[in-house]
Structures are given as structure tokens and as C-alpha cells.
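First the structure, in the form of C-alpha cells, and then the observations on it.
Below, the structure written as C-alpha cells:
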């Protein structure tokens, strides 16, 4: 008997995911235009905790300049951002706060997990490190690396843009259940 | 030399404590040259008070614990509490150890040195050792719902424990605090806040614009470095050290490898020393870039940030040419460097230095004479030299307060003593002085790099001791001896002799110390990092109390707090 | 007694002791050697154990030089170190670069002794001699001639210990190879000992090849439960299960060796072979239960006044520990009130066989212990009584403490059929079995702990008591018979688990935890 890992994925098998993805298309031109607008103006909220945070600063810097992708305005308030980039290790202490921030964001919202630590705990298989943010929030794009090269981060943003443009189904968001162990903020 | 110091200490202490107490003290010098004094736990406060009041030592550098559960030969009690002292007059160091059993308490030394506060809290958090008379003994790094003490040997490293909520605003108990009749507004800054560099939480109660009282919460980036070090062979700990002060990753690598090499008794070849010096100084420069850049951004000066990151990218390209990685480089190995510099690398370093010099000039033109900058930073966060020493400040923040203490001059390692460079000192210790000290230090670092890069010694980039360093690939794939050597080093790991050591380097933030205990196996038995910004941050609540809210951000930025180093 | 000085240490030895015996077994000094083995006759072919003896201009080999009174011996002088270094170099001249695919990596004497006594740079530039790789020597052993350093330990083993003479050295010079003769493979019952004594990866076990790297394995010392000899062995395991069994030196019982049948005793301990939960059929429907629940239910049944007494029979095999027998037999005698306790003998004809070395015909580790306990409680029964009782209906409940090593019970199926005639059958066993699972009627199966998961004492054929200690837990919630007896009484037992549980945690590199220089 294998241990079930708590993730906030839908728990669908690969086959089911492929089936679900067949039925995507934009039914109206209006939706397509909205998707174009959304993907080209992703306002990131950099949730930078550790080394990936510094690398994200490079991505925002002049050499790699993520502003050309529309992610010009970096908003530090979740109410004003639509792309949460979790850059860095999330510890158990930080997990309730990350969830709180995610819940404060308004729809439509996207999550990029930047770096190995955010995606899976990285090489910190330790008592205080959350083994991947997908245990508490639904993640759209995982960018591997330790830290990922800025080009990889931009590739991650481009993948997300493609997903938005194609109206890719997001069963991990649809079937997301709020993790039971984190108390709702009263 | 050390023996003489110990003899003097012995003589003075014998006249200070009673004969029966003195007989239970143990004085010795470890094989690597550290002075150690072992005292029973009942005598710790009098001895520590004597060390301070006699003027022998003015710095309490570090307090940590060690668990000898599976290693009890020759010991009576399970835990060790280890104190490290330093004197800024005579540049001597002393390690004081006290054995504490399970469920026993030891007196806190916060009455003698106020900077022991957080160090003892951390020891309590990690080991469960209770300090009697500590003003606020609660967990520091692990979350408040954590059960158990993780650095104990019977705590399994990957036994995760979830946390269900964040703590509400809390402050250490203060008998003099009287909120009667005051209109206090609680203010919580962080941990998810642009100006708190990601993982710091500042809790304050403000009256108007002034801070009435403040407290900070740490541990939002506690990644269990010390436990990971205990579960990995020595060379595999190096990537973990990268992520301590991730803005200047090579310096952590160098600090750690230097510690292990000293314990092993290995001296690295001159070329490796030269490369390490160059990398250390380059890291110092880019660390100061991030510090000044982030500090400026927090106060509204966005252009400096972009300017400085351009130069940071240039240095990243240098690192990339050396090892392939930009930020977390793992450039050193125990015994030398991971690989040799590619041809032409040193010339490129000189080229980049020229550009960085121009960049620092630009920076000074932008900030040093800038009225807004001066108004925001001058007079803000000033600290006196005595206070700085009492808190355990080291590095640019200490030098800005006027204390001439730079480990590269005072306890030189590699060939810093043959290089020509100055140590910039400030006068008031405020944020503006720290900025100026950092800028001047960057120029001095450029001087050092240029001196070394113009005269790089010939030779190997690593020691060729087969018990320590992996053989070259041509031998690993070419003959059976190299292959066997490689296998044995990877399977069993390199083995320093049984012993302990505390070694320091002058990192970008100050004294980065590693306390390493080896039990003769392929993994460190106990590795403790003395983070420079930990001591500096401890003074933060006191610094900002009575000041304006806007000054909080300015002071925070000037302390250069890196989460990886602070929380480990 | 003779006096001698070894590396500055003074020693007293018996006459006839060779230098290497004194150095290794008495003074515990390090000396390079390959061909010497304390359980085999001396060959002196590797030339690595050279020592310098005062008064002797040339270096002498320690394995074949007897100590004389007043000898001063050293192996730390420069001359010896040079000679050992060159000896190692010559041994490695044709050695293939097989470490990544060789099973011996991690316990290879070439690797260990290179780090201790060699550490030189190789100057060998010639191409290496190619020999046969993956030679099938027999049903259990594979040979790789390129790795062989021709220490001849295996040849001496088959010549002197098993006396079967299957191995020999063929060809000459640097083309020499170990081999077997035409039509006579290496198939004696002790062939895997050659794999143990081979210092390099030339001889490897077909069973263990490529299954696990040795630095991921921990070892636990215990007793082999394959037969009544009770050889001392150590079992290698990690979180994925047990992997192999190797002998441990015991002067009284097995010397340096063990037989090949005992090598398989780890197989029935691993999870795939085990019964993981209790199975109980009630009213024609079966369900899986927690073992403690099932045991308590059985206990209630047995202690109920209409069920206790002489209608209950207990069948025991010689496979459990003394403590378990004591607990179970006491329970049945005192609480249940029956003395119908039968000894299931699996092979009465070959019980007293002995092949001259180690293998005995009684394939149970603790027959003597069982007989002792039965005698102590004054129980004398014949198997016929059980059969008669079952057919007449005098015996309605049968509790069987079944064999854990089912491979050595050829009559298992027959006995299951016989015993299933009971109205209620309770079978306590560690391993699962198809016959048992196909049984209809009122059947309860309760999983037991194997010898490696419990503390206990085994008594071997000669009456020697040997204790085993808990090493690891493979099946959580399995119980030992002591715990079963307590559960039968109605006590809420928590089946004790060893600190190491198979299936939990990560596979760890154990080699980095060992202390001492490389």
C-alpha cells in the first residue's frame, strides 16, 4: 500500500486529464479577446522567500526583463495581482500565510511555482519545509531549477500564456480542496 | 601562543573562584589550536561575568548546543552548551562548554551579555535545553505548533509537522510596559511584504508615527540546514551552504570548506587560495550591491536597483563561466576548488572590475549626494560602538559604528596579509554611514581582486590527497586505482579526525563562523552556523523603538538581512 | 608461551602461531592480505602480508612464518610500505574497471586495502588482459575471471572444507583463471561460502547479483532457522526488505561457514511472502481483521466453558522460540485445560541425518527446545491421537502454530487437509499459503512474527542455547506467540515493533555513518 500524498490536484489519472483536455476551445470571439488581454498583462505578485527571489529580481532586471511579456507592474498586494509567483522555499511556518495570500487574490488567478523548493521541497527533505506548494494551493506551471535560470522562468510564463490563450482546462483548480489542516483566518 | 593565554586565564580564574569549583574546570587546547574551557553548568554565569568584567573578552559570538546521545563515552550528560567568545583588543578566542543533562536547566547568561537572548532561544528550540532566568524563552525558528526538538539525535530529519495558523501579534513580557491611556495601533509588517525581503515579520504598536514597542518573528525560512548537514556527507553539505547567504554564495562555501580543511589538517594550494580570495571579494561586491539596491528600492529609489543589477549580471557571467551556475554556485570543494578556471578567466575578471568601478561611481553619483537619500538615512538607526559590540555586531554595520575590526586584517587567512587594502570605518553607525562603508568596501574589494588577478600563482587548483579529494576524471575512467579511489570517497566520504573546531571568515555581513564537531565518520556530527545578521537583527526591536515607522524600513534595509542566513 | 614484539607492542603467543594470526587475531593490527583466511590452510600466494623481522635482511610473509621467541616484527617500515604498494599495483595491473557494475563495491578488499595501504598513482599504460566474464560455475555462483586476483581461497575451500574439489586454476601466468572441470559444476551444498570469502567481485551469488548496493544495507546478527544446527548469521536489510544472509564466526556451532539452504531463510521474511493481516471466516463469509482483534476473539472462544477442555488440540512445530512455547503451552494447559498438545514432525525418517559439515536432517531450529518444554509440562502425545480425535469428533478445535519456513515442510498440504477436518481451525503462521486461503469452514489465520522480528532463544541439536534479538519489523501488527498467548487471555497487547520498520523512511547510505579512516 503506497502512501497517498496530499496534493490539491484533482487526483485524475493521466488518461482522464487527456480526455478532459480534448474538449477545450473558445466558443466566442469575445472570450478569445479576453484571453489575449489576460495573458499579455499578467501582473505578477512575487512571493519571493529565498534564493529564487534573488533570481526573480534578475528576471525583472534589465537583462532579462520580464516586462516585455506584459508583467511590467509587479504588485506586492494580492488584491491587485493575478499571477502568484512563489519563488523560494515555503516552510511549514509560512504555509498558512501563503494560503491566505492565495485566497486574497481575485479570479482569474494563476500560480507559477518557481524553483525546486516551491515545487517539491527541493533538496530540503526536512522537518520544517513544506514538500511542495501544490500541497496547499493549485499550481499551474512548475519551473524546475535551483534556482531556475531566468530564461527558464520566462519560459514558464510563456507556457502559462499559451495555456491561457488556448483556454486550457485547469482541473487542478476546479477540483481544489482547501487543505484541512490550515485554519481559516477568522 | 594559545597555551600562554590559557595559562593566564587559568591563573586569573583560580584567584576568582573557590578551589573546589576550580578543580572541576578543564582547560585544554584542541589539536587544531582552539582554546577550550569546560565548566560545570552551575558555574557558567560567574565565569562568563568574569570574562566580561575583567575585560578579557568583549564579544559573545555564539551560543549553541550539541547532542551527544549516541556518543556518550567520557561524558556524564547528554547535551553540551557551547559559548564562543572573542576579544577585539587581543584578538583571542575562547570556547566555553558546559554539560547539561536531559531535563536539567542551565542559567541564562542574558544578564551578562544581552545578545545571548536569541542564541539561547534557538538552543532551546532545537534541543529543548531550558535556560533559567531567560527573559522570554520560547521557540525562535520552528513554528509554534511544533512538538519536539529537531536537532536532537532521536528526531528523524524528515518528520514533517504542519502548522495551522500564524501567531497573532505578540511581544516579550516587559515589566515596565504600561499601555494605560495611550492610543496604540497594532501594526504587522510581513512576512509577505515587499520591504521585508520576503520572510521577516515585524510586529509593532505605534503611537501616531512613533513605534512604542516592537517585536520580530523569525523562522519563516527555517530550512533545517543544521539537520541536513548531519545527514549528508561533507562534500554534499556544500550546496546547502550556498543557500545560507544566497546573495554571496561563494563566501559561505569558502567559510565551510575552510573549516573542514582546518579540521582535516589540509592546506590548499596557492592557486586555490587566490581563486577563493577573488571569489570572496566578488561575492562581497555583489552582496553589497543587493543590500544597497534593496535598501534604495525600499526608500523609493528604483533606478539604483536596475543599475546595480546590471553589474551583478556581469559577475554572474563570471561565475557561470567558472562552474555553470549563476547564483548558487558550490564552487569550492573540501581541499580546493571544484574545477580549474577556464583560460582567460582572470583577464575577464579584470575587465569586469573596470566596469564595476565605473558602476560604483555611477552609484555614488546617484545616491551619495542625493538630498532625499541623505535626509532619509542620516541620523537614522545610529548605534554606539559599545552597544554594537554588546549586541555582537560584526562586519560593515560594526565598522560603520566606528570599531576597526575586520577579520581579514586581524586574523588573516589565505594571503590577505600580503595584500594592500584599507578597512573603511564610519563614525555614527547610522544607515548613511553603513551605506558609505559598504561603498568604500566595494572599492577596496576591487583593489584586492585586481592585485590577485594580476599575479595568480601557478599550480593545482586542489590538493591531491587521495583520502580527501576526488581523482581527476581521466583517472576515474582511465585506470582502476582512480576508479576505486573515486568509489571509496563517494561511498564512505572523507573522514576528518574526531574533534571540534570553530572557524571564521569575514563574510559580506560580518563574521561567518562554523562550529563543526566530527565523530570520525563521513558526515558532520554537529554543524552550527554563526550567522552574522542574526546578532545584528537581534538589536532591531530596540533600534526601532522610539523611532518613526518610515525609519523602520530604512534600518531594516541597511542591516542586510538575508533570510537563508538568518533562519538557516 | 613465546614473547614477541609487533609494531612496538609486546605480546605473548602460543608456539605454532604464525605472525599474521598474532597480528590480526591477537594484536588487532592492520595488515594487507588477500589469500590468508583463518578458516583455510595457508597458501602464501598474494605476497602482500610481508613484514620486516629484525635480523632478517629480506621481507618475510606473515601468513607462513611462525613466531619464535624474541621476534621483533614490524609492518610500518618504509621497506614494507613500498613492498605492499608494489604488490597492490601488480595485483591491479589487469583488473577491469568494473566497480560500477561489480557487486563487491563497498565491501571489496581491493578498494579497502588500496585506500589503507596503497593510495598511489597508477603508472600502468598497457592494455589489460581479457578473460571470461559471467561464467556460470554452478546453480548458485557466477565467476568473473577478469576480476579474480587468484588468491586461491575458493580452490582451497572446495579442496579442504567441502572436500569436493570442483574448482581449480587453469592456464599459467597472467592468463590464469579459476574454473571447473568438464561436467562437474560447482554445486555442492556450501558453494556460496566461496562468494563470501572471495575478496573481490570475481565470485558472485546469482541470488544477490545486482539487487542492492551494499552501502545501503544494514546488518543484524541472528540465527539461521533452516535446520537444527543453528549457524550464527547476519542478515542484510534496508527499508525495502531483506536481501541476503552471511555467516558469522562461531567457534562452537558453525566455524566460519554456513550452508546454501540457510541462505534462503530471508526469503520468507519479506513482505510478498507474508500474511499481512488476520483472516477470519464466520458463517461462510471471510474478512480481514486486525490480528489483535482476531486473537482476542479466538481467545474468547477458547476460554468459553463450552469450548474449553479436552476438545481443543494444539499443534506445534519446532520453529518458534523457547519463550513462545512456554507462553503458549502454559495458556493451553492452564486456561484452556487441555493436554492435547501435538508435535508436528515434518520428516521423521531424516530427522537424525547429518552430512558431516553443517546440514542436519531436522529442518527446525528449536525441536529440542520444544521437546524440553513439553517434557517440563508433562505432556506426552502421539499424532495418532489427533487423527483419531478429529475423526471421532472428540477434538473439535485445532490451533496450529504453523511453520514459518514452509519450504522445508513437504507434508504441508497433506497436513492442512488433515487438520481442516476440525470444526474450528486456527492457524498461526507468518507466511501466507494458497492451501490455507482456500480452506472453507471456520478458519482463522493470524499473522506471526518471524525470527528476526522478536527476541527469543533457540536450542540447537546439541542443546546449546542461542539468543536472537529483535532486528526489524517487516509486518506491522504481526504478533509473536508470546503476544498471541496474552491476547488469547484477553489482554490488550501492542505488538512490539523494532525501531527499524521495513517500508518506512528512506534508503540511507550506511557507509558514511561508520567511523574511522577511509
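Protein chains in written order, with the working numbering: chain A, 1 to 186; chain B, 1001 to 1568; chain C, 2001 to 2518.
Even glycine gets a Cβ: it sits at the ideal position worked out from N, Cα and C.
Since residue i and residue j should fall inside the 8 Å C-beta cutoff, what is the C-beta to C-beta distance between them, to a whole number of angstroms?
i, j, result
"residue 2432 (chain C)", "residue 2273 (chain C)", "7 Å"
"residue 189 (chain A)", "residue 1243 (chain B)", "Summary: the structure shown does not reach residue 189 (chain A), with chain A confined to residues 1 through 186, and so no result is reported for it."
"residue 1966 (chain C)", "residue 2450 (chain C)", "In this structure chain C extends from 2001 to 2518, so residue 1966 (chain C) is not present and cannot be described."
"residue 1385 (chain B)", "residue 1113 (chain B)", "No, residue 1385 (chain B) and residue 1113 (chain B) are not in contact; Cβ-Cβ is about 16 Å, not under 8 Å."
"residue 1504 (chain B)", "residue 1398 (chain B)", "The Cβ separation is near 14 Å, so there is no contact."
"residue 1271 (chain B)", "residue 1457 (chain B)", "5 Å"
"residue 117 (chain A)", "residue 124 (chain A)", "6 Å"
"residue 1066 (chain B)", "residue 1526 (chain B)", "5 Å"
"residue 2337 (chain C)", "residue 2380 (chain C)", "Not quite, the Cβ-Cβ distance comes to about 17 Å (not below 8 Å), so this is no contact."
"residue 2444 (chain C)", "residue 2416 (chain C)", "Their Cβ separation, rounded to whole angstroms, is 14 Å, which puts residue 2444 (chain C) and residue 2416 (chain C) out of contact at 8 Å."
Report the three-state DSSP secondary structure of residue i (helix, strand or coil).
i, result
"residue 1220 (chain B)", "coil"
"residue 3 (chain A)", "The predicted position of residue 3 (chain A) is uncertain, since its pLDDT is 42 and thus under 50; a value taken from the coordinates is nonetheless stated next. Coil."
"residue 1296 (chain B)", "helix"
"residue 2234 (chain C)", "strand"
"residue 2373 (chain C)", "helix"
"residue 1073 (chain B)", "coil"
"residue 15 (chain A)", "helix"
"residue 173 (chain A)", "helix"
"residue 143 (chain A)", "strand"
"residue 1163 (chain B)", "coil"
"residue 1552 (chain B)", "helix"
"residue 1005 (chain B)", "helix"
"residue 1135 (chain B)", "coil"
"residue 1516 (chain B)", "strand"
"residue 1539 (chain B)", "coil"
"residue 1029 (chain B)", "strand"
"residue 1142 (chain B)", "coil"
Strictly under 8 Å for the Cβ-Cβ distance: is residue i near chain E by that measure?
i, result
"residue 2083 (chain C)", "Absence of chain E from the displayed structure is noted, the protein chains being A, B and C."
Q | Cβ contact (3+ pairs, closer than 8 Å) linking the segment 2238 to 2251 of chain C and the segment 2011 to 2029 of chain C | A | no
Q | Runs of alpha helix (DSSP H) lying entirely within the segment 2172 to 2229 of chain C, each at least 4 residues, in chain order | A | 2192 to 2197
Q) Between the segment 2112 to 2129 of chain C and chain B, which residues of the former have CB atoms less than 8 Å from a CB of the latter, in chain order? A) Listed by position along the chain: 2112, 2114, 2115, 2118, 2119, 2120, 2121, 2122, 2124.
Q: Report the residues of the segment 83 to 109 of chain A with a CB closer than 7 Å to any CB of chain B, ordered along the chain.
A: 88, 89, 91, 92, 93, 94, 95, 96, 97, 101
Q | Residue ranges of each beta strand (DSSP E) within the segment 2081 to 2163 of chain C, 3 or longer | A | 2141 to 2143
Q: With 9 Å as the limit, tell me which residues of the segment 1239 to 1250 of chain B have their beta carbon closer than that to any beta carbon of chain A; keep them in chain order.
A: 1239, 1240, 1242, 1243, 1246, 1247, 1249
(Q) Please identify, using Cβ separations under 8 Å, the residues of the segment 2226 to 2254 of chain C that lie next to chain B, in order along the chain. (A) Residues of the segment 2226 to 2254 of chain C with a C-beta atom less than 8 Å from some C-beta of chain B do not occur.
**Q.** Near-chain A residues of the segment 1200 to 1223 of chain B - C-beta to any C-beta below 8 Å
**A.** 1219, 1220, 1221, 1222, 1223
(Q) For the pair the segment 2076 to 2085 of chain C and the segment 2045 to 2062 of chain C, tell me if three or more CB-CB distances fall below 8 Å. (A) yes
Q) What residue ranges within the segment 2257 to 2285 of chain C form continuous alpha helix (DSSP H) runs of no fewer than 4 residues, ordered along the chain? A) For the segment 2257 to 2285 of chain C, not a single whole alpha helix (DSSP H) run of length 4 or above is found.
Q.
For the pair the segment 2177 to 2191 of chain C and the segment 2135 to 2143 of chain C, tell me if three or more CB-CB distances fall below 8 Å.
A. yes
Q.
By the 7 Å beta-carbon criterion, what residues does the segment 47 to 72 of chain A contribute toward chain B?
A. 47, 48, 49, 50, 51, 53, 54, 55, 57, 58, 61, 62, 63
(Q) Within 8 Å, do at least three Cβ pairs link the segment 76 to 92 of chain A to the segment 1215 to 1227 of chain B? (A) Result yes; three or more Cβ-Cβ pairs closer than 8 Å.
Q. Okay, do the segment 1176 to 1191 of chain B and the segment 1085 to 1099 of chain B touch, 3+ Cβ pairs below 8 Å being the bar?
A. no
Q. In chain order, what residues of the segment 2461 to 2472 of chain C put their CB closer than 9 Å to some CB of chain B?
A. none
Q | Residues in the segment 1517 to 1538 of chain B having any Cβ partner in chain C nearer than 8 Å | A | 1519, 1520, 1521, 1522, 1523
Q: Indicate whether the contact test is met: 3 or more Cβ pairs, each with one atom in the segment 1286 to 1303 of chain B and one in the segment 1548 to 1562 of chain B, closer than 8 Å.
A: yes
Q) Three or more C-beta pairs closer than 8 Å, one from the segment 1280 to 1291 of chain B and one from the segment 1248 to 1255 of chain B: is that the case here? A) yes
Q | Short-range partners of chain A found in the segment 1293 to 1315 of chain B, where Cβ spacing is below 7 Å | A | 1306, 1309, 1310, 1313
Q.
Output needed in chain order: residues of the segment 1133 to 1148 of chain B with a Cβ under 9 Å from some Cβ in chain A.
A. 1141, 1142, 1143, 1144, 1145, 1146, 1148
Q: Ignoring anything shorter than 3 residues or poking outside the segment 2008 to 2047 of chain C, list the beta strand (DSSP E) runs there in chain order.
A: 2009 to 2013
Q: Return the residues of the segment 1493 to 1506 of chain B that lie within a Cβ-Cβ distance of less than 8 Å from chain C, sorted by chain order.
A: Shown in chain order are the members of the segment 1493 to 1506 of chain B whose Cβ falls below 8 Å from a Cβ of chain C: 1493, 1494, 1495, 1498.
Q | Those runs of the alpha helix (DSSP H) which lie wholly inside the segment 1230 to 1282 of chain B and span at least 4 residues | A | 1238 to 1242, 1249 to 1264
Q: Could you tell me whether the segment 2089 to 2106 of chain C touches the segment 2054 to 2071 of chain C, using the rule of 3 or more Cβ pairs below 8 Å?
A: no
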